[in-house]
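Presented below is the structure to which this report refers.
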Amino acid sequence: MVLVLGFGLGFLLVSSIDISAQLDKETPTGNLTEDVDISISPNEALPANGTVSVSTEGATDMDINEFPPAGVTVIIQNDKVVVTNNPVAYQ
1 MVLVLGFGLG
11 FLLVSSIDIS
21 AQLDKETPTG
31 NLTEDVDISI
41 SPNEALPANG
51 TVSVSTEGAT
61 DMDINEFPPA
71 GVTVIIQNDK
81 VVVTNNPVAY
91 Q
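Sequential numbering from 1 applies to the sequence shown in this note's numbering.
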């Protein structure tokens, strides 16, 4: 099952809005039993292609500290998290 969270005024405005959001996955240091978190940081710029994807393998928690900016879509699947400012077709 795919959970899609779409935020924004619409995809027509995406090209005229400065959009940023970034995924970050912690890397365990030393103790491999410690929690691994995935964070979505809306203040960091997306890469040039407008999409970033992170595997959820080994992650124990996911944080979205703020709502992503207008035009950014967050897709949460059981094996990865994707943040994009590109149009997304979903059913």
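Where a beta carbon is used, it is the ideal one built from N, C-alpha and C, also for glycine.
Just to confirm the assignment, what range does the beta strand (DSSP E) spanning residue i have?
| i | result |
| --- | --- |
| ASP63 | 61-64 |
| THR51 | 51-55 |
| VAL82 | 80-84 |
| VAL74 | 73-76 |
Nearest to residue i by alpha carbon, out of the options?
| i | options | result |
| --- | --- | --- |
| THR73 | PHE67, TYR90, ASN85, VAL54 | ASN85 |
| PRO47 | VAL82, GLN77, ALA59, ALA89 | VAL82 |
| THR56 | GLN77, VAL88, GLN91 | GLN77 |
| ALA45 | PRO68, GLY58, THR60 | PRO68 |
| ILE40 | ASN49, ASN65, THR51, THR60 | ASN65 |
Just to check my reading of the structure: residue i and residue j have Cβ atoms closer than 8 Å, yes? What is that Cβ distance to the nearest angstrom?
| i | j | result |
| --- | --- | --- |
| ASP37 | ASP63 | 6 Å |
Applying the 10 Å Cβ sphere with the 16-neighbour rule, what's the burial state of residue i?
| i | result |
| --- | --- |
| GLY71 | buried |
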